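Here the structure comes first, spelled out in structure tokens, and everything after it is commentary.
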Amino acid sequence: MKTNDVLQKVLFNIDQVSKLTGVKKTTLRYWEKEFNDFLQPARTDTNRRQYSLDDVKKVETLRTLIEVEKYKSIGVKMKLGLVDE
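Under our numbering, the first residue of the sequence shown is numbered 361, with each subsequent residue one higher.
Next up, the structure:
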């Protein structure tokens with residue numbers, strides 16, 4: 361199995377994603393609700409979030425748009441194509 365294939369199957373819990381991205385767990389939960397058409401991590405049988413590598417990249421995208429580029433919620437949604445301009 362190729363390294364990329366293995367990486368695509370790795371799952372992270374919310375604590376790990378928070379540490380990897382520097383985004384607080386409460387913020388991750390909020391973003392999941394606010395941008396639910398963009399960020400929807402999988403859930404375990406006990407309803408715990410499981411973030412894929414793609415999900416982590418999406419968190420980084422949101423962090424950049426919100427914290428670095430200073431977009432507001434509606435601006436992020438427009439930038440991501442989640443709403444019409």
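Each residue gets a CB set at the ideal place from its N, CA and C atoms; glycine is no exception.
Values in this document were obtained by computation on a predicted structure and should not be read as measured data.
Going by DSSP, TYR390 is part of the alpha helix (DSSP H) stretching over 385-394.
Inter-segment contact for the stretch 394-414 and the stretch 368-384 is present: three or more beta-carbon pairs are separated by less than 8 Å. Listed in chain order, the non-local C-beta contacts of LYS437 below 6 Å within the same chain comprise VAL443, local neighbours out to five positions each way being set aside. Taken atom to atom, the span from the alpha-carbon of LYS432 to that of ARG423 is near 11 Å. Where LEU413 is concerned, the enclosing alpha helix (DSSP H) starts and stops at 413-423.
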